[in-house]
Amino acid sequence: MSAAPLVGYSSSGSEDEAEAGILARQGAEGSNGGQSPVPSQRLPVPDSVLLMFPGTEEGPADDSAKHGGRVRTFPHERGNWATHVYLQYEAGEEFLDLLDVLLPRARTYVPRLVRMEAFHLSLSQSVVLRHHWIFPFMQALKDRVASFQRFCFTADRIKIYTNQEKTRTFVGLEVTSGHAQFLDLVSEVDRVLKEFDLTTFYQDPSFHISLAWCVGDARLQLEGQCLQELQEIVDEFEDSEMFLRVCAEQIRCKSGNKFFSMPLK
2 MSAAPLVGYS SSGSEDEAEA GILARQGAEG SNGGQSPVPS QRLPVPDSVL
52 LMFPGTEEGP ADDSAKHGGR VRTFPHERGN WATHVYLQYE AGEEFLDLLD
102 VLLPRARTYV PRLVRMEAFH LSLSQSVVLR HHWIFPFMQA LKDRVASFQR
152 FCFTADRIKI YTNQEKTRTF VGLEVTSGHA QFLDLVSEVD RVLKEFDLTT
202 FYQDPSFHIS LAWCVGDARL QLEGQCLQEL QEIVDEFEDS EMFLRVCAEQ
252 IRCKSGNKFF SMPLK
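Counting in our numbering, the sequence shown runs from 2 upward without gaps.
Next comes the structure, spelled out in structure tokens:
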């Protein structure tokens, strides 16, 4: 089986950044009686104002050693907020028990696999919003999905994914029922992205829950015999058909260090 392109992840684990909207710069032009223009002085911002928006402009320095060797594919730019729309999967005890069986088996083929800390299904690529567009974007997204009906889906097929740069590999559970509803939901999200001149989702997405990841392209080790063994574990695991069937009740969006929830109807 060939690896599918990864949905919603970049090589940094943050997100690929793309300029969102057009920033207008206003300036004053004119003469100054033949004299050189007086340089403008930037007044210090009071601490009381800075503390109102912690972390809104500056980002941490890129240090791959702090995030498992992942390499950022873009430089941090002041005022750019990496943004991602997704459905969160709340992992229950049975799901975690399944992972406790799956991952040791997968690590016999790729020992460097790392378990995901949280679980979700992407509804957008990772894009970048300027800070002043965050709340208008969230409001537009909320309005767009407000009338979308809740639905249930099943994710029970093991599949191997890579990101676009082939610098990270993921073991995931692909959606096998509810795919049509996901496509309809993504179309609503895409409409909002288009309004803000942002990149829309993939043309032929594979909706999935990522379970574990590693640096590099590990498809050769994970596909074939390993993939077959992992699928057998899922198929034979007690009650897997129940806890791998999920009801989608809300979508979420992360922009920088801010999180937003938008309920479905």
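Where is the CB? At the ideal position from N, CA and C, for every residue including glycine.
These numbers come from a predicted model, not from an experiment.
The three-state reading of DSSP puts P264 in strand, counting E and B together. Burial check for P206: the Cβ neighbour count within 10 Å reaches 16 or more, so the residue is buried. Scanning the segment 144 to 218 from its first residue to its last, the whole alpha helix (DSSP H) runs of 4-plus residues come out as 180 to 196. At the C-beta level, F202 and L99 stay beyond 7 Å of one another. Bounds of the beta strand (DSSP E) holding Q89 are 81 to 90. In summary, K266 is exposed, with fewer than 16 beta-carbon neighbours lying within 10 Å of its beta-carbon over all protein chains present. A141 sits in a helix when the DSSP states are folded into three classes. A107 sits in a helix when the DSSP states are folded into three classes. Rounded to the nearest whole angstrom, the CA to CA distance from L142 to T109 is 43 Å. Beta-bridge analysis with DSSP links H121 to Q89.
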